[in-house]
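Asker: Numbering (my numbering), first residue to last: 49 to 241. Backbone N, C-alpha and C define an ideal beta-carbon position, used for all residues, glycine too.
(1) Which residues bound the beta strand (DSSP E) around residue 205?
(2) Which residues does DSSP pair with residue 130 in a beta bridge?
(3) Within this structure, are the beta carbons of residue 164 and residue 221 separated by less than 8 Å?
(4) Tell whether a beta-carbon distance below 8 Å holds between residue 167 and residue 123.
(5) With residue 179 as the anchor, note down where its alpha helix (DSSP H) starts and where it stops.
(6) For residue 129, which residues of its own chain have a beta-carbon under 8 Å away from its beta-carbon, when the five flanking residues on both sides are left out?
(7) Please state whether the Cβ-Cβ distance between residue 139 and residue 158 is less than 8 Å.
(8) Considering only the alpha carbon of each residue, which of 100, 201, 190, 154 lies closest to residue 211?
(9) If you compare alpha carbons, which of 151, 120, 127 is closest to residue 230?
(10) Smallest Cα separation from residue 102: which of 196, 155, 232, 153?
(11) Straight-line CA distance for residue 183 to residue 206?
(12) Assuming residue 216 contacts residue 202 (C-beta within less than 8 Å), just tell me the rounded distance between them.
(13) Taking only the alpha-carbon atoms, compute the straight-line gap between residue 223 and residue 104 and give it to the nearest angstrom.
(14) Assign residue 198 to one of two classes, buried (16 or more other C-beta atoms within 10 Å of its C-beta) or exposed (fewer than that).
(15) Once the 5 residues before and after residue 185 are set aside, which same chain residues still bring their CB inside 6 Å of it?
(16) Ordered along the chain, which non-local residues of its own chain (more than five positions away) have a Cβ less than 6 Å from that of residue 193?
(17) What is the rounded straight-line gap between the Cα of residue 142 and the Cα of residue 232?
(18) Assuming residue 164 is part of the alpha helix (DSSP H), what are its boundary residues?
(19) With H, G and I counted as helix, E and B as strand and the rest as coil, what does DSSP make of residue 111?
(20) Please report the residue range of the alpha helix (DSSP H) in which residue 185 lies.
(21) If I follow the unbroken beta strand (DSSP E) through residue 220, where does it start and stop?
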């Protein structure tokens, strides 16, 4: 009779291995999900844990310098503080507007003018300052570090009268942090024309 009980439908021997197998399967699945998650999102964990104070200062200074140079109308320094993509966008916008006005200038000539703070650069940045006040960013916004990667970084700016913060994007180019004007505000039309 005992043999029948051990082989019965509700036998302890029959249920224990199934429960152990279910527990092992759950543990394996949970471990696999955790591993996949860590492999897909390592940068977020690394940036949250490894924010080097010296690097943060370089990033913050690079962004701040752009706005200070703009305020002081040091247009050659403004140009030097921009990312390559932002410089290319400015040149493209200016070339298009020049073409509409019947003025032809090569990309190289425009880049040289902006690098030297020439007449075209002065006209462009003066127009920019007509619609944008750098003091709002410098004096009336709270600055916080956002995500930081090996070649990209974000700064979160919260203006006291704004519901949503602005996110400034910076890029490491030639071992220096450059402000991504176009990358930060590309969805908006930055053209001063």
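Answerer: A quick look at the data gives this:
(1) Where residue 205 is concerned, the enclosing beta strand (DSSP E) stretches over 200-207.
(2) When DSSP reads this structure, residue 130 sits in a beta bridge with 227.
(3) Result no, Cβ atoms of residue 164 and residue 221 do not sit closer than 8 Å.
(4) No.
(5) Counting along the chain, the alpha helix (DSSP H) containing residue 179 begins and ends at 167-179.
(6) Counting only Cβ-Cβ distances below 8 Å, and skipping sequence neighbours, we find 110, 113, 114, 117, 226, 227.
(7) By the CB criterion at 8 Å, residue 139 and residue 158 fall inside the cutoff.
(8) It is 190 whose Cα lies nearest to the Cα of residue 211.
(9) That would be 127, whose Cα lies nearest to the Cα of residue 230.
(10) Comparing Cα positions, the closest option is 196.
(11) Residue 183 and residue 206: Cα-Cα distance of roughly 14 Å.
(12) The pair is a contact, with the Cβ atoms about 7 Å apart (cut-off 8 Å).
(13) Distance between the alpha carbons of residue 223 and residue 104 is about 14 Å.
(14) That one is exposed.
(15) Listed in chain order, the non-local C-beta contacts of residue 185 below 6 Å within the same chain comprise 115, local neighbours out to five positions each way being set aside.
(16) Hits under 6 Å: 104.
(17) Taking the Cα positions, residue 142 is about 19 Å away from residue 232.
(18) If you look at residue 164, you'll find it in the alpha helix (DSSP H) that goes 155-164.
(19) If DSSP states are grouped into helix, strand and coil, residue 111 belongs with the helices.
(20) Residues 182-188.
(21) That run of the beta strand (DSSP E) goes 214-221.
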